Each structure stands twice: as structure tokens, then as C-alpha cells.
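Student:
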């Protein structure tokens, strides 16, 4: 095989230097030239030849985006979106919301090109019939008749030559033209959908899933539907021509053939209807090990209708090959039985004509199925396009001098009752709120009182029922849960704004990000993972705040930005950023850090969705109402401060940080891997590996099963045996759940969604269809070769050059086809990632008016995928045309031989030879095209196979411990060092300490000190570089991760809730009774909240717990930990988003419910750890000090003492 490839290399590249220069040069610069080439180049796809040759030459190298052209303007997303939007507006205006149709929109968009396609179909059908049924009839009549004129023979040859040439080029042009049309409409739909996404009023789990489905599957299905529309449109043309000619041959007896053909075709269509009724193409993505059984169950449920669908599809496909034969036998038998004489010309013309019908209708069932699926996709797109749009607050301020006005307003959260059962009833919020320009407004209240909802109302994200809402000025919004996207730290701060060095440096200083730049491996150029996965909670908050400050907006809405930072950083943020840099700006600050409220010009106290109090700090204290209670509860936590005295202020002592050197951090490390988090997605080079095929065979049940399936195909009963092949491989794919944490850091969610949506869809739907076609044509080819060899053995001589020619073309084209498919697979991931990121950060994007930048990003990613898809289909057509030309040459040669042997061989044998020659040649062509497409589609298997062989979390031990382990809860770290990745610096450095049984340990330190990394080491989320961790004298590396983690409890910094019932979130395995669950809810003070909603444990929780406040989500997570009753509990900033009163109740709950447990509390609020037995202070991945809080407070040199003193809030000038 390699010898032949080298021979092809020599033939192609051993040319003159100009040709080599063309192939080695940058001939792929600029846009793809498909719309700028001449007529012949377009018809022959000659414009693609240089790229085909280049890719074949470089077949051992991975294809990259810069190896191919850019997207042409006419196929671009921007251009086609501009075309489709007016059509959609007209559709809505003409038919209304109920009767508007995306199907009709599709027809309007493509109608002019569709008209050309219809004309082209008629022409192609005519010339195809000319070189099959008609030419067979004429040649056979010539062989049977007395005509011997040489000019007549030459005319027949020329007619055959012209007919075959026109057939080849017209068919290829129709397919390429259809591909372009489909890609244009796909780009239009994606562009229009994304623009709609930017206009949505609200974003929830259902809408986000629909958007990802549209971008991942629906748009591709729309493209395929437009591409194969030619087959559906060809039905009446082929039937009309075929029926008319058979009627010309045998009169009314033609309707026997037509009825037979129609009968079996109707059966086929009916089976296809059953296929459509049973199709279910919904994909799931994995979460974590505890959900693996659920995913397997869902996948098994999903594959059952797929199994039924595949069986019906294979039965349907089995009907088509035998239909012409049955129709021919039935027609001829009845025709002769009626006393008619059958000549060779008549008989073989009928055979050829019905074969013409079969060829024309071969893909119709597939096209019909795609159309049915596309109609479902159209309905989903319509439903999404009709979602309610966001209307920003007006700027019509009633009183001059006001920046924000909410006068007698009533807001309502809207529930999605259609798709989220048991949803919370809509909750109203009555508000009167006014802020003047340049004023700093503080907002406080208990957890769940509506503070974050107020912020959402101000940016227009809550439905305004009554009242007046106006916001006069540009708005910067920093959400309570900071939204961070995958990009550099600088990109997250600039957020589309131009870079201004002096202002940028000032913002970094104000948001206290300078020390973090020292720690980050590549400074502000360090890549930040999706959702800030490689940043601490405090760092994410400060990046979000820096983004707001850098925007230089008029109004700043800051939703609890101080919750996740330590006291030093919090003080820095308030005084240097909020109180100084934003001094003349309008600021609305939601906070639980009540010590800062006295610095605010005005304060609003919220309770149960209403403004309970409003005034200055002094006036509210004098009222002795809600605010006074909150302050008393807060101040009661500051008693330890009075012990050590007030008036001494400690500010964090950082080394001098010259402003000129801030940006130099990005250049400290020259190694290009430093600061790179996500690993670029790669594709393999060359042919599809044998391992990919073997993984497919293994998934089908092994080699024996695969051989058995093939034999069953031979016996024509394989239709009911081969459809459940993919279930096994999917279950193997759940190995992704067991991948180490670093895998998810390095692979953005969009990349995983891409593989588990489109790649799995290829495996579920398209590959089985192509494999079925391949096995059918393989068996038909084998049967035809045997028959031809028996009846016309001389034709076997021609088979050798035919095979060699086809092998050369297939070999030459296979690499470009496979690599362009690989390129399209890779380029699709950034598009999906962009969409998922946009869904999660929609509020932030719109608040900063960055919609246009994100729309441009979507258009660019869409154009990249368009290029990959166009190159793949064009490469397929490039190969198909050249195979067609080769087959046509053989057919013409056979025609010449048959015509020249008149009176030497019988007309019957000559006609049989000609018919078989055409049949065998077309089968060889089809086989070559199909096997290349199957090979290209197997790139999806290749990509999934990478995850099948993924390195999982290594189990370093299987020690069997007592079932009650750990019974004491003693924890010991011994010289621990930990890195998140080998190429990164350690995040924990030489950590050693001993925590006794039942001790309550407070872990404190500035943001990014390594506190959460300590918890990661305890749970073995990352393997240690050095040292050991012991729990009850058992080295945790000696037991399995599953055993370890099941015996530890944790409440993370960002609360995690799943879509489903409250019970499912608390007890997914049904281990606990209802009474026990209610008791846990009562302990976290959530029982009354649930009861007030008049709900049971079946209360529906939206995806990510969106129908609860962040604080309420943390309380539910605490209830989950109480139920587990483990001996060790880790609280990672679990009360950061909770008010002081609720925090006090939670601390009491922890003391009561976990009195016999070892509790590690990671905290920034120092008063939450003052009750602990031991305080552990960390900085830069090291333990600075450890001891009893009383002892540490009495030592003036203690780091903890200095942190407590800093909690006394004084201005920097005090």
C-alpha cells in the first residue's frame, strides 16, 4: 500500500519547478475561491485540486486552520444573517406568532437557488436516462437490425460520450450547489439564533439546552436537509421519465412495473415514517461519578428507540435494491404471458430504465428521514425565536439629578411551567428605590430577602408588572457569582474595551490584583479557564469588579463583591476602589459586610421582597428597626476586636510594586507553556487508525459478532441484528467521569459537549446509515462481478485498470476528505464553547453592551466551521466526479466494443454485457465514494476513542479499612506539596500539621493563599507531588478515591445544585427517610421556607438552583452534609453569601450537628472561626502559623492578630 502511495507521489510531484512551487506555496491565502472561479473550474471542482494535492503531500501532518482558505463572503455568517433577518420579520408580520414557520422561511431564503436546482435536476435526469435506458435501447436495436453504417456507430459513441460527460458534471454541480445553499442557510440560522440569544429576557437551563441543541445538531440537520433536497425534488422527474419510456416500449403494461415499484416504495416510505416516529436524538453529558448509573440508564432508554429506528431503517433500505428486479420480473412475465413478443432491446431497456429509477430514488428514504427530522428542528428554532426579548430600562428620569428610579414598582420572576414541573410560583417584589448621581447606596438584608433580585430588576431582568423604572446612564454590573470566561486575565478585565495602560494599572491596584499577578505564572496574560476554574472565589470576584471599574460606566451595580475576599482585601476594595476610584460614580452596593455601610450616602434595608427601611446609617440606627437588629447581630460577632482594642490598623504589607513593572509580569516566563491552561484541541494526521475501527468492532460485540453480522448481511437478514452496537461504546465513554480534575481544566465544556453531541450523533445516526450502504454495495458489487465474469469474462480484463484508476483517485482524495472532516470536528468546539459561555454570562454581556463583540465572535467561529464543512463536501464531490469520469470512460469503451462486434456476438449477450458493465462500473464508483465517506465519518469514532482510552484518576491503593473508618476524624499532613499540573508551580509547599479528633479548625489567609487547595489535597482531587496525608493513621493514597470521598463531606465555595426535586438534590440514592430530610432542612433553617411555598420534598429545583438565592443554595448544601453524617466536614467559604444572622445560626448548627466531627472551616470572615479550637493561617501555599485563637490573639506578632485588628474598618487616612 505504501509503495503505491509513493508511486502516486512521484507521478504528481515529479513535475517542473513551477508546479512544485504552486504546491509548496501559500496558494490557500484569502477566502475560499469557489464563488470566483470560472464555469469549468466550478463544474469540475478544479479550484480544489491544489489543496487536495497539498494535503496529500502533507498527509503525515495534522491539518490546521491556517492550512486552508478563509470563509468566502457569500457563505459568511454576517452576510447571510443580514439576508434572513428581514425575511423572518416579514414572516412574523404576515403570519403572526402562532402561524409563522421556519420551514417557510427556509423556502423563502433558498427559492431562487431552488429554482435553478429544479432546472438542473430535470437536465440531469434527462441525460442520466439518455446514457442508461435510452442508449441501451438504441444500441440493442442497432445490434438486432440490419443497419451497418459507420457514421451511425460514431454518432452512438458521440451521443454516449456527450451524455456521460453532461451527467457527471451536472450531478456534481448540483451537489456542490446544494452544499453551498445549505451552508448559507445554516450560517443564517446560527447568526439569527445567536442574535436572538443576545436579546433574551431571561436565561434558564431549558433555554440554554435548546440553544446548544440548535448549534450542535439542528443547524447541521438543516444543512444536510438543504443538501439532499435534490433527491426529493427528483422523485417526480425520474418517475415521469421512467414511466413514459416504459409506456413507449410496452404500452399499458408499463403500469405493472410502475405499480410494483410504487408498492415496494410505499412500504419503504411507511417504514421510514415509523423511523421518524421512533427517533430520539437527545444527548446527555456526564457530571460526576455518583451520576454514572443515572447516565447509563438514560442512555439505555435513549438507545431503545434508536435500536427500533435502526431496524426499521435497515428493513427499508433492504427493499430498494430488489425493487427493480421484482418490477422487471413481474412486468416481463405478465407481458409475455399475454402473448406479446419480447425482444432483447425491449427487455434490456426495461431493465435499464428501472435501474435508472432505482439510481434516482436510492437516497430518497434518507432524504425523507432528514426532512422529517429537520421539521422537528424547525419547530425548536421557531420556539426559541419566539422567546420573550429583553427590554432595557428606560432613561426617562422623572426628577432631575436622579440616576436610578424605581417608583411604586412591582416586579415578578417568571416561571417556565412548560418544561419545569413543580416550579416555584412567581414571586412578586414591591420596591421604591431612588439613587442620585454620584451617590453610594448600600443594600442589606437577610438571606433570600431579594437583594440580588433588586439588582436584576435594575438591569431589566425581572418582569415589571406596575410602576416606573428608569436608569439614566451606562451600567456596569458585577454579579454575586462572578462570570469569568475562557481567556487571559487581561481579556476578562478589558472585556472588549480599548487598552489604556495608565487606567489599566490603576484598576489593577484598586482591585488589589497586583499580588495575584505575582502568583500567576504569566501575569495578566495567564489563561483563565471557563467560569474561572483556576481562580479562587476571591480572585474571581476581584476580576469581575476590575472589569466593572475598567468600563468607566456611569452606574455601578455591585452584588456582594466583598463576600469571597479576606478582610484585608475587602478593606482595600472598599476604600481604594469603591470609596476612592468610584467616588464620583453612582454605586449600588449589596453586601453582608455591614461595617462598610456607614460609609454609604444612603442605605436600603430589604425584607421579604420589600424595602423595609431607608435612610442614612445614623437615622436607621435611631429608628431601632430591621437595620438596628442587623447591626447588633453583626457587632456581636466583633467582640474579640474590643478585647485587643480599637484604633490600631494593620494594612497588608506588600513589597513595592512599581507601576511600570506591572505589565512586565506577562513577560517573566518565556516558556510558552507557562500560563496556558486549556490544551488546544488537536486532530490526528493521515488515515483513520486501525484502533478506531477496532473500537467500533469491539463496541459491536467483538470480531466474531462483526463477522456474524457480515454473514447475516449476505443472507439478507442482518437488518434486525446490528442496531444496538453503539450502546456498549457509549457506556465505555463514561470513563470521562473518572478523568482527573486537570482534564476538565484543560478541556473547555464546549469541547466536551461537542464530542458528546455531534460526534455521538455521527456514531448513532450517520455511521450506521453509511455502513449499511457500504455493506449493501459491497455485496451487490461482489454479486455483479461474479455474474459478469460468468456471462462476459472478457470484461474482467477491464476490471483491473478500472480498479487501479479508482484506487489512485480514492487514495489521493482520502486524506483531504478525512482531514477536512477532522478540521471541521475541531473547529466546531470553539463555536459550542462560545455559545455556552454566552448563555452563562448573558446578563453581564448585555449590561456592558458587549453584544456586538460577542456576535462578531459567533460569526467568526461559524465561518470557521463553514470552511471545514465546505471543504469536506467539496472533497467528496471532487473524488466522486473523477470516479464518475473513469466509469464513464469504461462505459464508452464497452459501448465501442459492443458496437464493433455486431454479428459476432448475439444481441442478447451484447446488451447484457453493456448493462452489466454500466452496473459494475457504477457500483465500483459508489463503493469508492462510500468507503471514503465512511472512513471520514469514522473520525468521530476516532475522537470518542480518545476518551475511551483517557487516563483516569489512578488508584494508588486498595487497602480495606474498617467500615466505620474514619471513626475519630484525625487528620495529619506531612511535608505535602501539590501541583495542579506538572508544568505548574506548586500551590501547596511543604505543608505539615496535625489536627486532632473532633477539633474545629479555622483556615484563614488572603485570597489565593491555598486554602481551597488544602481541601483539594484532602479529597485527592489532585495527586500530591510529595508528602503524605493521613486520616486516622491511614494514608489516604492507600485507599480508593471512592471510599475516601464517600467518607468526607464538603460544602463548596460555589454551591452546586442539580435540576430535579429537592429530595434528589439532598438524597440522590434514597438512603434517608422524609423525616430525616425535613430534620436536616430544619437544622439549616430552610424548613419554613419550603413549607411557606406549600411544597413537599418534590419541590422542583431549577438547573444550578436558579430559583433560590446563592445563600439559600449554600444552606441546602449544608443540609446535604448533615444527612451524610461523616466524621470530617470541610466548609469552604460556605457562609460567604449569607447575612450575619443566618451565619450565626449556621455556626450554631455546625457546632450542634457536628459536635462529634472534625470540622475544617475555610473562611474570610474572621469572626466565623473565632470559636474554633485551632486557627491555621496560610499564605502563598504555606502554613504561616497554627494555634489556639486566644493564644494567637494575645501575641502582638501573630499574623492572625494582625488580621483581626485589620477588621476594624477605618479609612486609610485615619
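Numbering (the UniProt record's numbering), first residue to last: 1 to 1214. Built from N, CA and C at the ideal position, the CB exists for glycine as well. All of these numbers come straight from a predicted model, not from anything done at the bench.
Beta carbon of residue 56, beta carbon of residue 1018: below 8 Å?
Tutor: Here residue 56 refers to the residue found at position 56 when the chain shown is read from its first residue. Here residue 1018 refers to the residue found at position 1018 when the chain shown is read from its first residue. Result no, Cβ atoms of residue 56 and residue 1018 do not sit closer than 8 Å.
Student: Is residue 782 buried or exposed, if buried means 16 or more other CB atoms sit within 10 Å of its CB?
Tutor: Walking along the chain shown from the start, residue 782 turns up at place 782. The residue in question, residue 782, is exposed, as its Cβ has fewer than 16 Cβ neighbours within 10 Å.
Student: Determine whether the beta carbon atoms of residue 976 and residue 991 lie at a separation below 8 Å.
Tutor: In the chain shown, counting from the first residue as 1, residue 976 sits at position 976. In the chain shown, counting from the first residue as 1, residue 991 sits at position 991. Contact: yes.
Student: Tell me the residue span of the beta strand (DSSP E) that contains residue 1182.
Tutor: The residue you call residue 1182 lines up with position 1182 of the chain shown. Looking at the DSSP string, the run of the beta strand (DSSP E) that includes residue 1182 is 1182-1187.
Student: Kindly indicate which residue of 631, 611 and 606 has the alpha-carbon position closest to the one of residue 618.
Tutor: Here residue 618 refers to the residue found at position 618 of the chain shown. Considering only alpha carbons, the answer is 631.
Student: To which residues of the same chain is residue 1198 closer than 7 Å at the C-beta, ignoring the five residues directly before and after it?
Tutor: Locating residue 1198 in the chain shown gives position 1198, where the first residue counts as 1. These residues qualify, in order along the chain: 1185 and 1192.
Student: Helix, strand or coil for residue 449? Go by DSSP, reduced to three states.
Tutor: Walking along the chain shown from the start, residue 449 turns up at place 449. Looking at residue 449 - three-state DSSP - the assignment turns out to be coil, as it is neither helix nor strand.
Student: At 3 residues or longer, and completely inside the stretch 520-559: list those beta strand (DSSP E) runs for me, N to C.
Tutor: If we require 3 residues or more, the beta strand (DSSP E) runs fully inside the stretch 520-559 come out as 555-559.
Student: Should residue 159 and residue 189 be called a contact, given that it needs their Cβ atoms to be closer than 8 Å?
Tutor: Start at 1 with the first residue of the chain shown, and residue 159 comes out as number 159. Start at 1 with the first residue of the chain shown, and residue 189 comes out as number 189. No, the pair does not count as a contact, with Cβ atoms beyond the cut-off.
Student: If you run the structure through DSSP and keep just helix, strand and coil, what is residue 214?
Tutor: If you number the chain shown from 1, residue 214 lands on position 214. If DSSP states are grouped into helix, strand and coil, residue 214 belongs with the helices.
Student: Assuming residue 1077 contacts residue 1067 (C-beta within less than 8 Å), just tell me the rounded distance between them.
Tutor: Counting from one through the chain shown, the residue named residue 1077 turns up at place 1077. Counting from one through the chain shown, the residue named residue 1067 turns up at place 1067. So it is a contact: roughly 6 Å between Cβ atoms.
Student: Helix or strand or just coil, what does DSSP make of residue 1036?
Tutor: By 1-based counting over the chain shown, the position of residue 1036 is 1036. Here residue 1036 sits in helix by DSSP.
Student: Using C-beta distances below 7 Å, list every residue in its chain close to residue 868, excluding the 5 sequence neighbours before and after it, in chain order.
Tutor: The residue given as residue 868 occupies position 868 in the chain shown. Within the same chain, residue 868 has close Cβ partners 820, 823, 824 and 827.
Student: Are the stretch 168-184 and the stretch 116-129 in contact at 8 Å, needing three or more beta carbon pairs?
Tutor: Yes, since at least three Cβ pairs between the stretch 168-184 and the stretch 116-129 fall closer than 8 Å, the two stretches touch.
Student: Which of the three DSSP states, helix, strand or coil, is assigned to residue 145?
Tutor: Counted from its first residue, the chain shown places residue 145 at position 145. Here residue 145 sits in coil by DSSP.
Student: Given 8 Å as the limit, is there contact between the stretch 508-515 and the stretch 532-552, that is, 3 or more CB pairs closer than that?
Tutor: Cβ pair count under 8 Å is three or more, so yes.
Student: Using DSSP bridges, identify the partner residues of residue 200.
Tutor: Your numbering for residue 200 matches position 200 in the chain shown. For residue 200, which the question treats as bridged, DSSP gives the partners 389.
Student: Which residue or residues does DSSP assign as beta-bridge partners of residue 470?
Tutor: Locating residue 470 in the chain shown gives position 470, counting from the first residue. Partner(s): 394 and 405.
Student: With distances taken Cα to Cα, identify the nearest neighbour of residue 575 among 597, 971 and 559.
Tutor: Along the chain shown, one-based indexing puts residue 575 at 575. It is 597.
Student: For residue 1071, count neighbouring C-beta atoms within 10 Å of its own C-beta (all shown protein chains included) and say buried if the count is 16 or more, exposed if not.
Tutor: Start at 1 with the first residue of the chain shown, and residue 1071 comes out as number 1071. So residue 1071 ends up on the exposed side.
Student: How long is the line joining the alpha carbons of residue 1043 and residue 204, rounded to whole angstroms?
Tutor: To locate residue 1043, count along the chain shown from 1; it is residue 1043. To locate residue 204, count along the chain shown from 1; it is residue 204. If I take the Cα positions, the gap works out to 35 Å.
Student: Cβ of residue 488 within 8 Å of Cβ of residue 528?
Tutor: The residue labelled residue 488 in the question sits at position 488 within the chain shown. The residue labelled residue 528 in the question sits at position 528 within the chain shown. It is a contact, given that the beta carbons lie within the stated cut-off.
Student: Okay, do the stretch 31-43 and the stretch 71-82 touch, 3+ Cβ pairs below 8 Å being the bar?
Tutor: Short answer: they touch.
Student: For residue 1147, name the three-state secondary structure that DSSP assigns.
Tutor: Walking along the chain shown from the start, residue 1147 turns up at place 1147. Residue 1147: helix per DSSP, three-state reduction.
Student: Give the single residue among 366, 880, 1175 and 1000 whose Cα lies nearest to the Cα of residue 230.
Tutor: Here residue 230 is taken as the residue at index 230 of the chain shown, counted from 1. Cα-wise, what sits closest to residue 230 is 366.
Student: Report the three-state DSSP secondary structure of residue 656 (helix, strand or coil).
Tutor: The residue you call residue 656 lines up with position 656 of the chain shown. Note that residue 656 scores a pLDDT of 35, beneath 50, so its modelled location is shaky; the value from the coordinates is reported in the next line. Residue 656: coil per DSSP, three-state reduction.
Student: Residue 657 to residue 962, Cα distance in whole Å?
Tutor: Residue numbering aside, residue 657 sits at position 657 when the chain shown is read from its first letter. Residue numbering aside, residue 962 sits at position 962 when the chain shown is read from its first letter. Confidence at residue 657 is low in this model, with a pLDDT of 36, below 50, so its placement is unreliable and the value that follows should be read with caution. The straight-line gap from Cα to Cα measures roughly 54 Å.
Student: How far does the beta strand (DSSP E) with residue 90 in it reach, from first residue to last?
Tutor: Locating residue 90 in the chain shown gives position 90, counting from the first residue. From DSSP, residue 90 is part of no beta strand (DSSP E) but of the alpha helix (DSSP H) over 77-99.
Student: Here's a check: name, in chain order, each residue in its chain whose Cβ is nearer than 8 Å to the Cβ of residue 152, leaving out the five neighbours to either side.
Tutor: In the chain shown, residue 152 corresponds to position 152, counting from 1. Excluding residues within five positions, the ones whose Cβ falls inside 8 Å are 142.
Student: Measure the alpha-carbon distance for residue 534 versus residue 1146 and round it to whole angstroms.
Tutor: Position 534 of the chain shown holds residue 534. Position 1146 of the chain shown holds residue 1146. Cα to Cα, residue 534 sits roughly 28 Å from residue 1146.
Student: Take residue 987 as the anchor and find which of 1011, 838 and 455 has the nearest alpha-carbon.
Tutor: Translated into the one-based positions of the chain shown, residue 987 becomes position 987. With distances taken between Cα atoms, residue 987 lies closest to 1011.
Student: Spatial neighbours of residue 1203 within its chain, please: CB distance less than 8 Å, with the 5 preceding and 5 following residues excluded, ordered by chain position.
Tutor: On the chain shown, residue 1203 is found 1203 positions in, with the first residue counted as 1. Excluding residues within five positions, the ones whose Cβ falls inside 8 Å are 566, 567, 568, 650, 1004, 1166 and 1177.
Student: For the beta strand (DSSP E) containing residue 586, name the first residue and the last one.
Tutor: As a working note, residue 586 is residue 586 in the chain shown. Start and end: 586-590.
Student: For the alpha helix (DSSP H) containing residue 490, name the first residue and the last one.
Tutor: Translated into the one-based positions of the chain shown, residue 490 becomes position 490. Looking at the DSSP string, the run of the alpha helix (DSSP H) that includes residue 490 is 489-494.
Student: Looking only at C-alpha atoms, which of 968, 446, 620 and 199 sits nearest to residue 849?
Tutor: Residue numbering aside, residue 849 sits at position 849 when the chain shown is read from its first letter. Residue 849 has its Cα closest to that of 199, out of 968, 446, 620 and 199.
Student: Report buried or exposed for residue 39, applying the criterion of at least 16 other Cβ atoms within 10 angstroms of its Cβ.
Tutor: For the purposes of this step, residue 39 is identified with residue 39 of the chain shown, where counting begins at 1. Under this definition residue 39 is an exposed residue.
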